[in-house]
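Residue numbers (this note's numbering), protein chains in the order written: chain A, 46 to 235; chain B, 46 to 235. In what follows, a single structure is set out as structure tokens and then discussed.
2 protein chains.
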Amino acid sequence: MGRVGLTTENVVRAGAELADEVGFEQATPAELARRLGVRTASLYSHVANAHDLKTRIALLALEELADRVSAAIAGRAGRDALTAFANVYRDYALAHPGRFAAARYRLDPATAATGAGVRHARMMRALLRGYDLAEPHRTHAVRLLGSVFAGFVDLESAGGFEHSSPDSAQSWTAILDALDSLLRTWPTTS
Amino acid sequence: MGRVGLTTENVVRAGAELADEVGFEQATPAELARRLGVRTASLYSHVANAHDLKTRIALLALEELADRVSAAIAGRAGRDALTAFANVYRDYALAHPGRFAAARYRLDPATAATGAGVRHARMMRALLRGYDLAEPHRTHAVRLLGSVFAGFVDLESAGGFEHSSPDSAQSWTAILDALDSLLRTWPTTS
DNA sequence: GCATCTGCCTAATTCGTTTAGGCAAATAGC
DNA sequence: GCTATTTGCCTAAACGAATTAGGCAGATGC
């Protein structure tokens, strides 16, 4: 009956691990308490409620992801930076599916503004400095890349590419190739 | 106390509408029963359980989406077909957010194989006939398009583009432009 | 060594999911 | 038009998750 030593930090980190194991949706206070060897009610001193727990896991994931992207693109430019950035997303999603799902959890605007979401946007723009894009094309490109990364990784981890050849890793590199070449010859007609 | 006239069909359709109003995750049997003016338990004669309800809503959404895509791309090719296809996705997602979320619900492989998912894949390949892509590039392109459509629409409906200019509609057309030009000059290096 | 703080507890409420079994309205056979 | 059957919706009840209120005891500060 000794104390387990819970803190908000603690609980959230354990929640993130739980999410990776059983899925973000199933990372509930009840299940988390079970894992921590504690009564469910005890968690409510550290997180406000189920939504708060999920929000904190989401913020943790965004932070981790931003750290990794930041490390990966340092000193790289152009196509190198593009693949490094993209691979961080993909690797993170494959290694930490629950956290990655958490990173896509709908945050209210105020919370999102405080979190690491802004860092992501900034890094994406930094990445595009290696390509010669004026506004508004740069913004369009940011959104395209964000869409492709999120979309591909989502489909892949949902098993959408599982039952067909070639395997998804090949498509991934081919797509990065294509995006690189697209960014170099971005159509500025409109 | 007269009978409401529930059928599986009925219940699922009402569930889809509920999902559009309150979100797919919140489209629970309990809430649905409330809307239908019926006790929760009564639904269980028509759907097996909450998961079954969600699965059926997902299948309905996939079907509707496939029907619309099919109508939209008939008689079109190349860039016309591409934008028609893409706009069906986007319009559907904006008009029916709950159903669209449902369409991304993880189905077990057997169920997925029976559903309209395969029609989507076939139509996407048909769309690409307008571009000159040999295998495996065509498959890569299918996956790229799937990723972009899903990713963009997801981010947009999650409000990811809300607090920055230019507005998302402009990015959408710019991205379709870019994709069209990319498909016409697909890099076949690898 | 005492007072305080606080981490985790028990107890209780509310709500969603699900199963079992019953009654009555619709339907079909004659 | 009466009877038999189906079946749509019900009540009752079990179970589990989320959440709040309040209490005890172990850690901490003096």
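Cβ coordinates follow ideal geometry from the N, Cα and C atoms, glycine included. On a predicted model such as this, the values are computed, not experimentally measured, just so you know.
Closest Cα partner of residue i within the set the options
| i | options | result |
| --- | --- | --- |
| L88 of chain B | B:G50, B:S115 and B:I220 | B:G50 |
| H91 of chain A | A:S213, A:S202, A:I102 and A:V57 | A:V57 |
| L98 of chain B | B:L77, B:A186, B:L227 and B:Q215 | B:L77 |
| T53 of chain B | B:Q71, B:N94, B:F69 and B:E66 | B:N94 |
| I118 of chain A | A:A129, A:Y137 and A:E207 | A:A129 |
| L152 of chain A | B:G204, B:H165 and B:A59 | B:G204 |
| D261 of chain B | B:R113, B:L221 and B:T230 | No answer is possible for residue 261 of chain B: it lies beyond the span of chain B, which begins at 46 and ends at 235. |
| G82 of chain A | A:Y150, A:R101 and A:A59 | A:A59 |
| P142 of chain A | A:S209, A:F206, A:A131 and A:E62 | A:E62 |
| D65 of chain B | B:A148, B:A158, B:A111 and B:I220 | B:A148 |
| E201 of chain B | B:E180, B:D136 and B:R101 | B:D136 |
| I220 of chain A | B:A146, B:L227 and B:T218 | B:L227 |
| Y245 of chain B | B:S115, B:R79 and B:R101 | Here chain B covers residues 46 to 235 and nothing more, so residue 245 of chain B does not appear. |
| G120 of chain A | A:L172, A:S209 and A:N55 | A:L172 |
Min CB distance residue i to chain A below 8 Å
| i | result |
| --- | --- |
| D236 of chain B | Because chain B spans 46 through 235 in this model, residue 236 of chain B falls outside it and cannot be assessed. |
| R151 of chain B | yes |
| P181 of chain B | yes |
| I102 of chain B | no |
| F145 of chain B | no |
| S90 of chain B | no |
| D177 of chain B | no |
| D199 of chain B | yes |
| R170 of chain B | no |
| G196 of chain B | yes |
Cα-Cα separation between residue i and residue j, rounded to whole angstroms
| i | j | result |
| --- | --- | --- |
| G162 of chain A | L107 of chain A | 7 Å |
| H256 of chain B | V133 of chain B | As displayed, chain B neither begins before 46 nor continues past 235, which places residue 256 of chain B out of reach and without an answer. |
| A122 of chain B | G123 of chain A | 33 Å |
| L127 of chain A | E70 of chain B | 34 Å |
| P233 of chain A | L189 of chain A | Checking the displayed sequence, the identity of residue 233 of chain A turns out to be Thr instead of Pro. For T233 of chain A and L189 of chain A, the distance between alpha carbons rounds to 15 Å. |
| G160 of chain B | L104 of chain B | 6 Å |
| V187 of chain A | M168 of chain A | 10 Å |
| R113 of chain A | L224 of chain B | 29 Å |
| R174 of chain B | D125 of chain A | 32 Å |
| E109 of chain A | A146 of chain A | 13 Å |
| F206 of chain B | G191 of chain A | 11 Å |
| A157 of chain A | A138 of chain B | 23 Å |
| A166 of chain B | T218 of chain B | 23 Å |
| S115 of chain B | A131 of chain B | 12 Å |
| S209 of chain B | R48 of chain A | 48 Å |
| R170 of chain A | A179 of chain B | 33 Å |
| R80 of chain B | N55 of chain B | 12 Å |
| A140 of chain B | D222 of chain A | 34 Å |
CB contact check: residue i to chain B, cutoff 8 Å
| i | result |
| --- | --- |
| S87 of chain A | no |
| H185 of chain A | yes |
| P74 of chain A | no |
| Q215 of chain A | yes |
| I118 of chain A | no |
| V193 of chain A | yes |
| D222 of chain A | yes |
| L139 of chain A | no |
| P232 of chain A | yes |
| A93 of chain A | no |
| P142 of chain A | no |
| F206 of chain A | yes |
| S226 of chain A | yes |
| R188 of chain A | yes |
Whole-number beta carbon distance between residue j and residue i, since they are thought to touch under 8 Å
| i | j | result |
| --- | --- | --- |
| V193 of chain B | V198 of chain A | 13 Å between Cβ atoms; not a contact. |
| S216 of chain A | T184 of chain B | 7 Å |
| T85 of chain B | A72 of chain B | Actually they do not touch by this definition, with Cβ atoms about 13 Å apart. |
| R164 of chain A | A111 of chain A | 4 Å |
| P211 of chain A | P154 of chain B | Going by Cβ atoms, the distance from P211 of chain A to P154 of chain B rounds to 19 Å, so no, they are not a contact pair. |
| A195 of chain B | G196 of chain A | 4 Å |
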